[in-house]
Amino acid sequence: MTDSILIVGGGIAGLHAAIECANAGARAIVVERGPVIGGRLAATMTAADAIGDRAEGARTPLFEALTANDRIEIITQATVTGIEGRPGNFTVGVRERARFVTDACTRCKLCRAVCPVVLANEYDAGLTFRKAIYTPMGETYPEPYVIDIENCLNTPPNYLPCNRCVQACEDDAIHFDVPLETVHEKHVGAVVLAPGFQVEDGARYRELGYGSHPDILTSAELQRLLESPGPTGGYASKPSNEEYPDSVLIVLDEPSHFALYIVASQVRQLLEQDIETVAVLVLSPLSDPESYREVQELAARSGVQVRWGASFRVEANPENEFDVSYEDLSSRQFAQEKYGMVVLCTDVEPPSGLEALASALEVELDDHGYIRVSGANGAGVATSRPGIYVAGCASGPRNIRESIEGAQSAASAALAELDPRQLGADAPATDVRPQATAASASPDEMRARIEQLLYALIGQPNG
Ligand SMILES: Cc1cc2nc3c(=O)[nH]c(=O)nc-3n(C[C@H](O)[C@H](O)[C@H](O)COP(=O)(O)OP(=O)(O)OC[C@H]3O[C@@H](n4cnc5c(N)ncnc54)[C@H](O)[C@@H]3O)c2cc1C
Ligand code: SF4
Ligand code: SF4
196 MTDSILIVGG GIAGLHAAIE CANAGARAIV VERGPVIGGR LAATMTAADA
246 IGDRAEGART PLFEALTAND RIEIITQATV TGIEGRPGNF TVGVRERARF
296 VTDACTRCKL CRAVCPVVLA NEYDAGLTFR KAIYTPMGET YPEPYVIDIE
346 NCLNTPPNYL PCNRCVQACE DDAIHFDVPL ETVHEKHVGA VVLAPGFQVE
396 DGARYRELGY GSHPDILTSA ELQRLLESPG PTGGYASKPS NEEYPDSVLI
446 VLDEPSHFAL YIVASQVRQL LEQDIETVAV LVLSPLSDPE SYREVQELAA
496 RSGVQVRWGA SFRVEANPEN EFDVSYEDLS SRQFAQEKYG MVVLCTDVEP
546 PSGLEALASA LEVELDDHGY IRVSGANGAG VATSRPGIYV AGCASGPRNI
596 RESIEGAQSA ASAALAELDP RQLGADAPAT DVRPQATAAS ASPDEMRARI
646 EQLLYALIGQ PNG
């Protein structure tokens with residue numbers, strides 16, 4: 196028997212599942228294919244009080260809480276290759292790719308300055324650049340830089356035409372003479388799949404102007420600008436000249452429930468930044484009553500102007516703004532407006548490689564390409580294979596709070612596959628479950644928290 200659970204994906208869902216398992220006395224092994232943990236929220240997770248769900252006040256785990264927990268093992272640059280066995284007793288193959296940079300790395304940046312290979316930084320939604328030796332952001336776990344060997348000029352171990360970074364590194368942290376891959380076999384009682392989702396790139400939106408001007412952004416790019424560790428410190432300034440726009444138009448061509456959630460969240464964040472006009476244009480026929488109702492609710496909730504349109508066109512004008520034209524479907528009039536920034540709301544889709552992962556673990560995908568789960572409307576956490584559960588956006592788009600709740604349910608289901616006698620009695624309790632923030636707490640909760648703080652300062656009554 197084993198006391199371990201393997202978690203695929205080190206985003207918010209996978210990390211919360213890991214903490215739940217560790218708190219229950221199990222060992223959690225997180226297999227993350229990227230060079231650092233955190234997933235879509237990696238950059239914001241290192242902030243002092245962790246990231247808040249901008250909508251609902253959920254708190255995400257601090258890296259410290261995770262990495263200080265000796266019941267959690269994190270393997271980055273790794274993927275799962277196969278599985279054998281049955282619930283309570285699985286053997287999972289894990290392939291870990293070399294990092295080429297050791298723990299001796301002090302993040303001094305000297306290698307970054309000399310590396311000749313320049314690439315878009317995926318962790319900044321492609322808005323900034325990185326080198327082939329890099330760290331995706333200011334604070335990461337693990338901390339050492341990493342070499343993107345696919346794009347490095349070297350092909351180790353036989354072909355090493357470049358050694359600029361090795362020469363620049365004063366800490367002897369870069370080594371190409373290491374095995375390219377390490378294969379691990381992990382014995383676990385259950386698996387939690389949390390590989391998340393990905394945002395469509397802007398290619399589908401070229402017809403709507405994407406790629407023709409830096410101030411025509413996708414919603415993923417806008418989101419990165421709105422996050423304080425992002426390239427503009429959290430301000431929605433225009434990439435072309437760093438000026439603040441007076442007006443922003445968000446264009447939505449598929450008003451799905453999740454897309455509307457993202458639009459509502461971004462509208463609120465833009466209005467909080469005192470942008471005078473934020474408008475939403477829905478490029479979809481007025482025929483679907485469900486979408487229509489949701490869009491009207493969005494308009495009523497956020498106070499934003501929402502229009503339904505067709506034949507959208509956008510053109511940059513000499514004032515570095517955009518002339519926008521479309522047919523207003525409600526009035527049947529042709530509309531012409533000016534905006535400082537245009538945001539195209541891109542859809543989300545299953546992460547790349549999900550098919551290969553599903554086939555390695557022998558779990559089924561649904562019609563949309565996400566992991567198939569049982570339960571009403573896909574709300575459950577059980578996959579088609581007993582002992583394998585799913586958390587977060589891998590079974591369909593979810594917000595942070597829903598992803599965390601799903602992670603807790605998946606962890607509970609996975610823990611039930613272990614023999615309780617194997618679980619450590621001395622498990623450290625790291626409470627990183629969603630907590631009410633000041634913005635979302637009820638008056639009673641706030642009163643209780645203020646009382647707690649006061650007692651901490653002056654001591655408990657009679658105590
Ligand atoms: C533009 C945008 C704005 C958003 N704004 C908000 C908001 O304001 N509020 C809110 O609550 N939510 C928001 N969300 C949703 C939020 O981002 C998600 O709820 C959350 O990121 C889901 O976490 P996750 O762990 O499921 O997935 P992810 O964050 O995607 O993490 C998945 C991890 O799994 C790894 N992985 C993938 N495949 C594999 C594999 N085969 N093997 C190993 N590892 C793998 C990935 O590298 C990644 O680290 C927004 C989403 C988008 C796209
Ligand atoms: S690899 Fe070496 S040069 Fe690069 S950041 Fe780390 S310590 Fe500095
Ligand atoms: S070997 Fe050259 S190309 Fe590769 S990471 Fe180092 S400096 Fe960049």
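Start counting the sequence shown at 196; every next residue gets the next number (our numbering). Every residue, glycine too, gets a C-beta built ideally from N, C-alpha and C. Keep in mind it's a predicted model, so treat the numbers as computed, not measured.
* Per the contact definition of three or more C-beta pairs closer than 8 Å, is the segment 578–592 in contact with the segment 557–569? -> yes
* Proximity of L539 and V446 at Cβ, strictly below 8 Å -> yes
* DSSP on I599, reduced to helix/strand/coil? -> helix
* Would you call the segment 315–328 and the segment 414–434 touching, i.e. three or more CB-CB distances under 8 Å? -> yes
* Under a three-way DSSP split, which group does G209 fall into? -> helix
* To do: Output the distance between the C-alpha atoms of E376 and D523, rounded to the nearest integer angstrom.
  => 57 Å
* Asked: Could you give the distance in angstroms between the alpha-carbon of M196 and the alpha-carbon of I269?
  -> 21 Å
* Measure the alpha-carbon distance for H382 versus F285 and round it to whole angstroms. => 6 Å
* Asked: Would the beta-carbon of C216 be found less than 7 Å away from any heavy atom of ligand 1?
  -> no
* By Cβ distance below 7 Å, which residues in the same chain neighbour G229 in space, the five residues on each side in sequence not counted? -> T271
* Which residues have their C-beta within less than 6 Å of a heavy atom of ligand 2, listed in chain order? -> V296, C300, T301, R302, C303, K304, L305, C306, Y340, A363, C364, D366, A368, I369
* Would you check if the distance between the CB atom of I599 and the CB atom of I207 is smaller than 8 Å? => yes
* What residue ranges within the segment 280–319 form continuous alpha helix (DSSP H) runs of no fewer than 4 residues, ordered along the chain? -> 305–309
* **Cβ neighbours of V394 in the same chain (closer than 6 Å, five flanking residues each side left out)** => A415, T541, V543
* **Cross-strand partners of D523 (DSSP beta bridge)** => G504
* Using beta-carbon positions only, say whether A606 and A577 come within less than 8 Å of one another. => no
* **Classification of Q362 by the beta-carbon crowding that lies within 10 angstroms, buried from 16 upward** => exposed
* Asked: So, is Y430 buried or exposed, given that buried needs 16 or more other C-beta atoms within 10 angstroms?
  -> exposed
* Could you give the uninterrupted runs of the alpha helix (DSSP H) lying entirely in the segment 312–384, keeping only those of 4 residues or more? -> 359–363
* The alpha helix (DSSP H) enclosing L420, as first and last residue numbers -> 414–421
* Would you call the CB atoms of V386 and L210 closer than 8 Å? -> no
* To do: May I have the straight-line CA-CA distance separating V296 from P331, to the nearest angstrom?
  => 14 Å
* Asked: CA-CA distance, V499 and P484?
  -> 20 Å
* Asked: In its own chain, which residues sit with a C-beta less than 6 Å from the C-beta of C306, not counting the 5 before and 5 after it?
  -> I328, C360, A363, C364
* If you run the structure through DSSP and keep just helix, strand and coil, what is I269? -> strand
* **Same chain, Cβ closer than 8 Å to L355, five either side skipped, listed in chain order** => N349, F371
* Asked: alpha helix (DSSP H) containing S442: first to last residue?
  -> It is not in any alpha helix (DSSP H) - S442 instead sits in the beta strand (DSSP E) that spans 442–447.
* Please say whether L388 and N346 have beta carbons closer to each other than 8 Å? => no
* When you compare each of Q468, L613, T262, D343 to A293 by their alpha carbons, which one comes out closest? -> D343
* Is the beta carbon of S442 less than 8 Å from the beta carbon of I411? -> no
* Asked: Name the DSSP bridge partner or partners of G224?
  -> Looking at the sequence shown, residue 224 is not Gly but Ile. DSSP, once it has assigned bridges, lists L201, E268 as partnering I224.
* **Contacting residues, own chain, Cβ-Cβ under 6 Å from R325 (five flanking each side not counted)** => L314, N316
* Can the beta-carbon of Q603 be found less than 8 Å from the beta-carbon of E215? -> yes
* Under the criterion of a Cβ to heavy atom distance below 7 Å, does V386 qualify as lining ligand 3? -> no
* Just confirm the distance between the C-beta atoms of P339 and C300, as a whole number of angstroms; I'd bet it's less than 8 Å. => 4 Å
* Asked: Mind checking D198: buried by the 16 CB within 10 Å criterion, or exposed?
  -> buried
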